[in-house]
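Data first, discussion second: the structure below is written as structure tokens.
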Amino acid sequence: MSEILKISSANVKSWLESETGSIFIPVHSKAQKLLDDMRKTLENLTDASKMLLENSGKEIEKRNMKTYGRARALNKLARLFLDRMRQIKVPDQVSYDSFRAFVQETQKAFLVTEVDVRNWFPRVSPFFILDRRKFLTVFEKAKELLKDLNNFLTKEYVKTKTLEETFQLIDKLRTLEDQLVNLKEQKAKAESEKALLVMEITETHQKMADLKSKGGIGQLNQIGLEIEALSMEVKHGLQHLQKPFIKLQSLSLHGGGSGLTPEELDKLDQYLENPFEAFATEEAGYPLLRQILQKLARSLDEGKLKLKTDKERKAEQAIDKILNKNSLASLHQKCVESIRRKRQLSTSAEVAETKSDLSRLQEHLEKLERRRESIESEKNAIERAYSETLEKIRNHKNQIEKNIFSFMDRRVRIE
């Protein structure tokens, strides 16, 4: 097995040129010369078509009935020839693919022109004989040259097709490697920007946490926690009255004789929706709750609420503790005090300023988060492009290595 030649992608083109120059350069030069010759020939053919157009146009202007019809036919034919020649584009850069495409395009144009000449020139006869001969002379030379191009394409140029494609692959490989370097830089930049954003987001969170834990806002948050705990205590203290309250509310709404005043009914609704708020906003001794409980007790005695025995017993015990043993007195004082302190702190200048700072920081944090998401999305797109480019580079290297082996029988590894 032959030794594998390791060569960098930067040097593989110059190495391949030195190894194959004696084969490729002459063929490539000949292809370029044939194209240059064909370009001149097409220009001559265009000039010959213009000559037909001008001379037939002059004859049309004479209005000679003997030649008028044939002159018009030749004039129209000359215009077709000109349009057809102008559509043939000689490639600026010669390659096997561009050369083949040019030959195929020219063959189609010449084939149609050949048919037109065969069909229409006899109809123009015997007039414009010199003009037609001049055109046919140029056209025949063009066809002969096209035949040379086609022979060269199929017998000589095709042999270097793989070699030429390999040079093109090498150029593409270098471009891809440049793109990979650029993507790597973009990726590093995105990661750096993301890291800075994450750091700033963390710092902003910390600033907000510090503001929330210190001063008036810190106290306000602490009171909030106290209120949550007190709210649970209120719910616990009234837990056996929940169902009876609902029954009493229903009795009042349906005119069942609950005896509740509008004020008491509103308070009952509040106790059902937000027990803590209802209890904490009661006057000293929670008179409205007492009145509601007294009327609840009366409705229980009268059997209007139709509760299960166990629920009714627990409700009566709860009513007795609240009305006769003041079981909620201490809790009520705590609730009232917590609400008072919350209102006092909420209206302080210090808390207002801190809330403003928190709002500003929150807005800044949201902007940072949006930017972080944008950077993350951009980074993901770069990583996808990086992976795709890396895969293309691997494929190009593999194909170049296979091509070199196929026409040189040399094993190389591009690094």
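In my numbering, the protein residues as written are 1414 to 1828. Glycine residues also receive a C-beta, built at the ideal position from the N, C-alpha and C atoms.
**Request:** Please specify which runs of the alpha helix (DSSP H), each continuous and at least 4 residues long, are wholly inside the region 1419-1485, giving them in chain order.
**Result:** 1425-1475
**Prompt:** Taking just the CA atoms, how far does GLU1729 sit from LEU1741?
**Reply:** 15 Å
**Asked** Among residues of its own chain, excluding the 5 on either side of GLN1445, which ones have a beta-carbon nearer than 7 Å to its beta-carbon?
**Response** VAL1507
**Request:** Look up VAL1571 in the DSSP assignment and say whether it is helix, strand or coil.
**Result:** helix
**Asked** If you check the beta carbons only, do TYR1799 and LYS1597 fall under 8 Å apart?
**Response** yes
**Prompt:** To the nearest angstrom, how far is it from the Cα of MET1414 to the Cα of ARG1824?
**Reply:** Reliability of the predicted coordinates at MET1414 is poor, the pLDDT of 48 falling under 50, and no value is obtained from them.
**Asked** How should ILE1817 be labelled, buried or exposed, when 16 other C-beta atoms within 10 angstroms of its C-beta is the threshold for buried?
**Response** buried
**Message:** Quick check on ASP1450: buried or exposed, where buried means 16 or more other Cβ atoms within 10 Å of its Cβ?
**Reply:** exposed
**Request:** Could you check the C-alpha separation between LEU1774 and ILE1614 for me, to the nearest Å?
**Result:** 10 Å
**Residue range of the unbroken beta strand (DSSP E) whose run includes VAL1525** = Element bounds for VAL1525: not the beta strand (DSSP E) but the alpha helix (DSSP H), 1509-1537.
**Asked** Quick check: the region 1565-1575 against the region 1505-1524, are there 3 or more CB pairs under 8 Å?
**Response** yes
**Asked** Which residues in the same chain as LYS1734 place their Cβ atom closer than 7 Å to its Cβ, once the five residues preceding and following it in sequence are excluded?
**Response** SER1740
**Request:** Tell me whether MET1414 sits in a helix, a strand or coil according to DSSP, three-state version.
**Result:** Only weak support is given to the placement of MET1414: the predicted model assigns it a pLDDT of 48, under 50, and the value that follows is read from those uncertain coordinates. Coil at MET1414, not helix or strand.
**Prompt:** Do you know how far the Cα of SER1819 is from the Cα of GLU1430?
**Reply:** 16 Å
**Prompt:** Between the C-alpha atoms of LEU1758 and ASN1737, what's the straight-line distance to the nearest angstrom?
**Reply:** 35 Å
**Asked** At which residues does the beta strand (DSSP E) containing THR1825 begin and terminate?
**Response** Residue identity check: residue 1825 is Val in the sequence provided, not Thr. 1825-1827 is the span of the beta strand (DSSP E), which, as asked, contains VAL1825.
**Request:** Using alpha carbons as the reference points, say which of THR1674, THR1567, THR1722, ILE1813 lies closest to ILE1705.
**Result:** THR1674
**Straight-line Cα distance separating LEU1771 from VAL1611** = 19 Å
**Message:** Assuming contact is defined by CB atoms lying nearer than 8 Å, are SER1421 and GLU1828 in contact in what I supplied?
**Reply:** yes
**Beta-carbon proximity of HIS1653 to LYS1727, cut-off 8 Å** = yes
**Request:** With a floor of 3 residues, list each beta strand (DSSP E) that falls wholly inside the region 1551-1623, ordered by position along the chain.
**Result:** none
**Request:** Just mark MET1645 as buried or exposed, buried being the case when its beta carbon has 16 or more other beta carbons within 10 Å.
**Result:** exposed
**Prompt:** Distance, Cα to Cα, ILE1659 vs LEU1685?
**Reply:** 8 Å
**Item:** Top-ranked residue by Cα proximity to LYS1768, from LYS1620, ASP1822, ARG1497
**Value:** LYS1620
**Message:** Among GLU1776, PHE1565, ILE1813, whose alpha-carbon lies nearest the alpha-carbon of VAL1440?
**Reply:** PHE1565
**Message:** Considering Cα atoms alone, identify which of LEU1559, GLU1639, MET1821 is closest to LEU1447.
**Reply:** LEU1559
**Request:** Report the rounded CA-to-CA distance for PRO1700 versus LYS1680, giving the unit in angstroms.
**Result:** 11 Å
**Request:** Pull up the distance between the alpha-carbon of GLN1635 and that of ILE1752, whole angstroms please.
**Result:** 12 Å
**Request:** Starting from GLY1698, follow the alpha helix (DSSP H) in both directions and report where the run begins and ends.
**Result:** That residue, GLY1698, is in no alpha helix (DSSP H); it is neither H nor E in DSSP.
**Prompt:** Residue ranges of each alpha helix (DSSP H) run of no fewer than 4 residues wholly in the region 1620-1661, ordered along the chain?
**Reply:** 1628-1650
**Request:** Could you check the C-alpha separation between LEU1609 and PHE1515 for me, to the nearest Å?
**Result:** 56 Å
**Request:** Inspect the beta-carbon positions of THR1466 and ALA1491 and report whether they are closer than 8 Å.
**Result:** Residue identity differs from the one stated: residue 1466 is Leu in this sequence, not Thr. For LEU1466 and ALA1491, yes; Cβs fall inside 8 Å.
**Prompt:** Short check: CB of LEU1589 to CB of ILE1813, under 8 Å?
**Reply:** no
**Request:** Let me know the secondary structure DSSP gives HIS1667 once reduced to three states.
**Result:** coil
**Request:** Please go through the same chain and pick out, in chain order, the residues whose beta-carbon is closer than 8 Å to the beta-carbon of ARG1826, but skip the five residues on each side of it.
**Result:** ILE1417, LEU1418, LYS1419, ILE1420, GLU1814
**Message:** Do VAL1749 and ALA1794 have their beta-carbon atoms positioned less than 8 Å apart in this structure?
**Reply:** no
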